[in-house]
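Everything on this sheet refers to the single structure shown next.
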Amino acid sequence: MSPDNQAKNAEAFLADTVHEERLDKLLWMMRMRRDAAAKQVPEWEQLRTLASQIKEHTLSNLSQYLIEFEAKATANGVTVHWARDAHEHNQIVYDLLAEREVPTLIKSKSMLTEECELRPFLETRNIRVIETDLGERIQQLDDQPPGHIVGPSIHKTTKDVARLFAKNYGSDANNEDPAYLAGVMRDNTRPEILNAYAGMTGGNFVVAETGAIIVATNEGNADLAGNTPPLHIISVGIEKLVPNMDSLAVFIRLLARSATGEAITQYTSNFRGPRKGAAMHVVLVDNGRSARLGMQSFWHSLKCIRCAACMNTCPVYRRSGGLSYGSTYMGPIGIIMMPTFDIRKFRELPFASTLNGSCTNVCPVKIDIHEQIYGWREVMEKNGQIQTVKKQAMKVADKVLSDPELYRIATASVSTALRILPHFAIYNRLNAWGKHRDVPEAASETFHEWYKNHRLKGNEALGL
Amino acid sequence: MEVALMIPCYIDVFYPQVGIATLELLERLGIDVAYPKEQTCCGQPMANSGCYEEARATEEHCARVFGAFEYVVTPSGSCTHHIRNKFTAGADSQERENLTRNTYDLVEFLHDVLNVREFPWAKFEHKVAFHTSCSAIRGLNMASMTERVHDTVFSKPKALLNGVPGVQLVEFDRVDECCGFGGTFSATEEAVAAKMGYDKLAFMQKAAPDYIVSSDMSCLMHLQGCARRQEQDIPFLHIAEILNGV
Chain A
4 MSPDNQAKNA EAFLADTVHE ERLDKLLWMM RMRRDAAAKQ VPEWEQLRTL
54 ASQIKEHTLS NLSQYLIEFE AKATANGVTV HWARDAHEHN QIVYDLLAER
104 EVPTLIKSKS MLTEECELRP FLETRNIRVI ETDLGERIQQ LDDQPPGHIV
154 GPSIHKTTKD VARLFAKNYG SDANNEDPAY LAGVMRDNTR PEILNAYAGM
204 TGGNFVVAET GAIIVATNEG NADLAGNTPP LHIISVGIEK LVPNMDSLAV
254 FIRLLARSAT GEAITQYTSN FRGPRKGAAM HVVLVDNGRS ARLGMQSFWH
304 SLKCIRCAAC MNTCPVYRRS GGLSYGSTYM GPIGIIMMPT FDIRKFRELP
354 FASTLNGSCT NVCPVKIDIH EQIYGWREVM EKNGQIQTVK KQAMKVADKV
404 LSDPELYRIA TASVSTALRI LPHFAIYNRL NAWGKHRDVP EAASETFHEW
454 YKNHRLKGNE ALGL
Chain B
1342 MEVALMIPCY IDVFYPQVGI ATLELLERLG IDVAYPKEQT CCGQPMANSG
1392 CYEEARATEE HCARVFGAFE YVVTPSGSCT HHIRNKFTAG ADSQERENLT
1442 RNTYDLVEFL HDVLNVREFP WAKFEHKVAF HTSCSAIRGL NMASMTERVH
1492 DTVFSKPKAL LNGVPGVQLV EFDRVDECCG FGGTFSATEE AVAAKMGYDK
1542 LAFMQKAAPD YIVSSDMSCL MHLQGCARRQ EQDIPFLHIA EILNGV
């Protein structure tokens, strides 16, 4: 999926009405659950404000908190690694595994490792990687990236999963019962977990005060991955820092409620140090985060706690599917994050939005997402990332619309109006408008003409 | 009170009756309305597309035409939102400052400035599905939004419609979900835009309204295009037409 073709990818997704309508309904239900959960917390808006302020404070003093974390974690018996970029991260993880001759890595879900493309890096070096999160495993078997940051395979039906498991595990292709399918997954991954020498997890929060990594999951697979094998590797972005346990509580109250409407995830694990006889390594990853923190307008997305509330509420995401964005992070938050990685590659993303503002108002850390999308559009224009044809249309529009005489000529008759109007209403894409919608009919006289004919007298009416 | 009427470009060409209803309604309420005939557009289509350079001359022209009036009233939440909150493509000037401060959507002007609540001349005995635009809700705070679950529920346009004898507002699902217009989005992402429009219509039609009404004609232009393509013949009206008496 190319990011240049978000609109085309979305059109293809829409053509399959079964998947599109199901995704829309399912995620809207998540949004409704989020509303209901928020309603039960009278101080919800204060929590959002507090969370936003804690993130701003932590990001403003990030170096200090990172050093504090490193000292505490080291004292706890954890080995801390620093990775400047994706390659350094992958190399560190590979070296840890290669030194111990580990053939298989079991993994819980981590968007950061998707961002770093860790899996292909290890696989080409002959290390098997087994995803243990159900949705993530489904995507791995189907050779697709995650379509949603909380529910990676949420765009798939149980029928899709039954077929996929039948192909890969030899299970019953016609049994779509979720409990049966979860059982197939368990039967196939549990032995891998029990036999693995190394397990990897991500981290939702990194607590500077205690040197702990917090992982929130519903399946408990992160706990298996972290607690079963003798080597536990945690990959985490440097923006995940929080100062202390008190501030962590604010985020824990917001995270699951915003994501799925639950008060808390089934498992909220506090990985503080290695078990007896085991080793724990934390890889702190920058990969563009410091650079983003230095962007005057676009550092806000570093506050993100990956709840996906913005995706669930986004009317465009729900009808496009997450894969249409062609990017690691998708939906509203993806639109404002991805151009910080590669402005040219992701130049079209800021236009995959109606700027309706719902995302901003569900965001638990109050990122002004739709304002940032608007801002990115201007940046794309300034960096020459807007198509020439669109820019030409806008130039024509400005010329006509800043000159009343030209404007009157352009709108004087129905035929010329219909030709020129798209330039400013829908910029010369009347055929795009007309594909699924009827084109509005121009009136027999414009308001301007009506006013002249009915309200002006004498010379004024003649324009003298 | 010195009031200038701003007619958005798409209303000028496609929906002059909305401009006429707005003018007549304001006059009915005793306002002396000026219509500056040099007016064109607020520049939103260009600025919204990221093309600030291409919005500059149009925004500056708009500020020159309207900058001297005490009030500027327009039947469009989206144009008002652009002028009040996003009007930065042109050079800084006193005119621009005045326009940004003095521009009101028609609903706001009636509700907040004139404080009108009764429209006895405008009998309208029909079931109405009212669509509030995202600009009006989240840009101008003309109605509460469902995301903010602890806020008091209110709607300025519905408060006005409740003052029209006979109007029956119907409830429908996903009341403040975007209709899919989104300016240039409606062309660049036409397939998603149209599906959003179809879905919005389906939610509304379930409540069996006689009319679909909004204070933003651009949303209605899109929804009407979707409805006609699906051979739905439900009529669409701008709120000004009902408040003035159809």
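Read top to bottom, the protein sequences are chains A and B. Each position in the first sequence, counted from 1, maps to that position plus 3 in my numbering. Each position in the second sequence, counted from 1, maps to that position plus 1341 in my numbering. Glycine included, each C-beta is placed from N, C-alpha and C at the ideal position.
Residues within the segment 1516 to 1530 of chain B neighbouring chain A, beta-carbon criterion of under 9 Å = Listed in sequence order: D1517, E1518, C1519, C1520, G1521, F1522, G1523, G1524, T1525, F1526, S1527, A1528, T1529 and E1530.
Of the residues B/N1585, B/E1531 and B/M1347, the one placed nearest B/G1418, counting alpha carbons only = Of the residues B/N1585, B/E1531 and B/M1347, the one whose Cα lies closest to the Cα of B/G1418 is B/M1347.
Secondary structure of A/T192, DSSP reduced to three states | Here DSSP, grouped into helix, strand and coil, assigns A/T192 to helix.
Min CB distance B/H1472 to chain A below 8 Å | No, because no Cβ of chain A sits closer than 8 Å to the Cβ of B/H1472.
C-beta contact flag for A/I133 and A/I157 at 8 Å | Contact flag unset, no.
Own chain residues within Cβ distance below 7 Å of A/A215, not counting five before or after | Contacts found: N273, F274 and R275.
Residues in its own chain within less than 6 Å of A/R34 by CB, not counting five upstream and five downstream?
-> Here the set comprises N315 and T316.
So, is B/E1518 buried or exposed, given that buried needs 16 or more other C-beta atoms within 10 angstroms?
-> Looking at its Cβ environment, which holds 16 or more other Cβ atoms inside 10 Å, B/E1518 is buried.
Is the CB of A/S330 under 8 Å away from at least one CB in chain B?
-> Interface flag for A/S330 against chain B is unset, since no Cβ pair is found closer than 8 Å.
Can you give the beta carbon distance from B/S1527 to B/Y1351, rounded, assuming they're within the 8 Å contact cut?
-> The C-beta distance from B/S1527 to B/Y1351 rounds to 12 Å, too long to meet the 8 Å contact threshold.
Give every residue of the same chain whose Cβ lies closer than 8 Å to the Cβ of B/M1486, excluding the five residues on either side of it in the sequence, and list them in chain order.
-> So the list reads I1478, R1479, D1492 and D1517, once near-sequence residues are dropped.
Quick one: grab the DSSP three-state call for A/G293.
-> In the sequence on display, residue 293 of chain A carries Ser and not Gly. Correct three-state label for A/S293: helix.
Using 8 Å as the Cβ pair cut-off and three pairs as the minimum, do the segment 374 to 388 of chain A and the segment 62 to 71 of chain A touch?
-> They do not touch, by the three-pair rule.
Once you ignore the five residues that flank A/L305 on each side, which residues in its own chain have a CB closer than 8 Å to its CB?
-> Within the same chain, K58, L62, E242, R292, R295 and L296 come within 8 Å of A/L305 by CB-CB distance, once the 5 residues on both sides are set aside.
Closer than 8 Å to chain A by CB, B/E1512 | Chain A contact via Cβ: absent.
Is the distance from the Cβ of A/E384 to the Cβ of B/C1392 below 8 Å?
-> Yes, Cβ-Cβ distance for A/E384 and B/C1392 is below 8 Å.
Report, in whole angstroms, the separation of the C-beta atoms of B/Y1552 and B/H1467, which I expect to be a contact under 8 Å.
-> The C-beta separation of B/Y1552 from B/H1467 comes to about 6 Å, placing the pair in contact by the 8 Å criterion.
From B/K1464 to B/A1500, what distance separates their C-alpha atoms?
-> Computed Cα separation, rounded: 15 Å.
Under 8 Å between C-beta atoms, does A/K438 make it to chain B?
-> Taking Cβ atoms only, chain B reaches closer than 8 Å to A/K438, which makes this a yes.
Rounded C-alpha distance that separates A/D19 from B/T1363 | Cα to Cα, A/D19 sits roughly 43 Å from B/T1363.
Specify whether the segment 1368 to 1378 of chain B and the segment 360 to 372 of chain A touch according to this definition: at least 3 beta carbon pairs, one from each stretch, less than 8 Å apart.
-> With fewer than three CB-CB distances shorter than 8 Å, the segment 1368 to 1378 of chain B does not count as touching the segment 360 to 372 of chain A.
Chain-ordered neighbours of A/Y454 on chain B, where CB pairs are closer than 7 Å = Ordered by position in chain B, the residues that pass the 7 Å Cβ test against A/Y454 are Y1376.
Going along the segment 356 to 369 of chain A in order, which residues come within less than 8 Å of chain B, judged by CB to CB distance?
-> Residues S356, T357, L358, N359, G360, S361, T363, N364 and V365.
Would you grab the beta carbon distance between A/L234 and A/A201 for me? Rounded to a whole angstrom, and I think it's under 8 Å.
-> A/L234 to A/A201, Cβ: 4 Å. Contact.
At a Cβ cut of 8 Å, what residues of the segment 1390 to 1404 of chain B count as close to chain A, listed as they run along the chain?
-> Contact residues of the segment 1390 to 1404 of chain B toward chain A are S1390, G1391, C1392, Y1393, E1394, E1395, A1396, R1397, A1398, T1399, E1401 and H1402 (C-beta to C-beta distance below 8 Å).
Check the Cβ-Cβ distances between A/L144 and every residue of chain B, and say whether any is below 8 Å.
-> No - not a single Cβ of chain B is within 8 Å of the one on A/L144.
Straight-line CA distance for B/R1515 to A/E24?
-> Each residue's alpha carbon lies about 15 Å from the other.
Express the C-alpha separation of A/M341 and A/S238 in angstroms, rounding to a whole number.
-> Cα to Cα, A/S238 sits roughly 20 Å from A/M341.
Got a sec: is the Cβ-Cβ distance from A/I389 to anything in chain B below 8 Å?
-> Closer than 8 Å to some Cβ of chain B, the Cβ of A/I389 qualifies, so yes.
Proximal residues to A/M248 (C-beta, below 7 Å), its chain only, five neighbours per side dropped | So the list reads V210, E212 and T213, once near-sequence residues are dropped.
A/I255: buried (16+ other C-beta within 10 angstroms of its C-beta) or exposed?
-> With 16 or more other Cβ atoms within 10 Å, it is buried.
Reference B/F1410, options B/A1430, B/T1399, B/A1345 and B/F1355, closest by Cα = That would be B/A1345, whose Cα lies nearest to the Cα of B/F1410.
Can you pull the chain B residues whose beta carbon is under 7 Å from the beta carbon of A/D441, in chain order?
-> Within chain B, the C-beta atoms nearer than 7 Å to that of A/D441 come from G1566, R1569 and R1570, in chain order.
So B/H1579 packs on B/Y1356, CB below 8 Å; how close in whole Å?
-> About 7 Å separates the two Cβ atoms, so the contact holds.
Below 8 Å between beta carbons: does that hold for A/L26 and A/R309?
-> For the 8 Å CB-CB criterion, A/L26 and A/R309 do not form a contact.
With a cut-off of 8 Å, does the C-beta of B/I1575 fall near any C-beta of chain A?
-> Interface flag for B/I1575 against chain A is unset, since no Cβ pair is found closer than 8 Å.
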